[in-house]
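Read through the structure below, which is laid out as structure tokens, and then see the notes.
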Amino acid sequence: MSSTFDVVADVIAQTSEIPREKITPESHAIDDLGIDSLDFLDIVFALDKKFGIKIPLEQWTQEVNAGKASVEDYFLLKNLCAHIDDLVAKKNA
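So the sequence shown is numbered by UniProt numbering: it starts at 1 and just counts up by one.
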């Protein structure tokens, strides 16, 4: 996960002007880092390009809203990175 996390953290720092050293795998994108929904969309689009994947943000949001997943499942950075790794693995399979 470390290389995935480094890319995600760098994109977040560049997109949202959050100091890179404040971004950790345990950071929650919304609660800890204060990333709003528009910035998060920009981050997701940048991550899609960096990793060559399509992050299913709409599906994830629906799962959270329906109670099928917690906000932490997708917005805690270590969990987001794990999902990105899964998407990359599926793409390369």
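We put the beta carbon where it would ideally sit given N, CA and C, even for glycine.
Keep in mind it's a predicted model, so treat the numbers as computed, not measured.
Self-check item: Selected residue, minimal CA-CA separation from N87, among K54, A13 and H28
Solution: As a position in the sequence shown, residue 87 is number 87, starting the count at 1. In the sequence as displayed, the identity of residue 87 is Leu instead of Asn. Of the listed residues, the one whose Cα sits closest to L87 is K54.
Quiz item: Looking at C-beta atoms only, is the number of pairs between the region 77-87 and the region 21-29 that lie closer than 8 angstroms three or more?
Solution: Judged by Cβ distances under 8 angstroms, the region 77-87 makes contact with the region 21-29, as three or more pairs qualify.
Quiz item: Rounded C-beta distance between residue 96 and V11? I'm assuming under 8 angstroms.
Solution: Past the edges of the chain, shown from 1 to 93, lies residue 96, and the structure says nothing about it.
Quiz item: Taking the DSSP output, what are the residues bridged to H83?
Solution: For the purposes of this step, residue 83 is taken as the residue at position 83 of the sequence shown. For H83, which the question treats as bridged, DSSP gives no partner whatsoever.
Quiz item: What residue does the alpha helix (DSSP H) around S37 start on, and which one ends it?
Solution: Walking along the sequence shown from the start, residue 37 turns up at place 37. From DSSP, the alpha helix (DSSP H) with S37 extends over S37 to F51.
Exercise. For A9, count neighbouring C-beta atoms within 10 Å of its own C-beta (all shown protein chains included) and say buried if the count is 16 or more, exposed if not.
Key: By one-based count along the sequence shown, residue 9 stands at place 9. The residue in question, A9, is buried, as its Cβ has 16 or more Cβ neighbours within 10 Å.
Quiz item: Is it true that the CB of I84 sits closer than 8 angstroms to the CB of T4?
Solution: One-based indexing of the sequence shown puts residue 4 at position 4. One-based indexing of the sequence shown puts residue 84 at position 84. Yes.
Exercise. Label L41 either buried or exposed according to how many other C-beta atoms from any shown protein chain fall within 10 Å of its C-beta, with 16 as the threshold for buried.
Key: In the sequence shown, residue 41 corresponds to position 41, counting from 1. When all chains shown are included, L41 counts as exposed.
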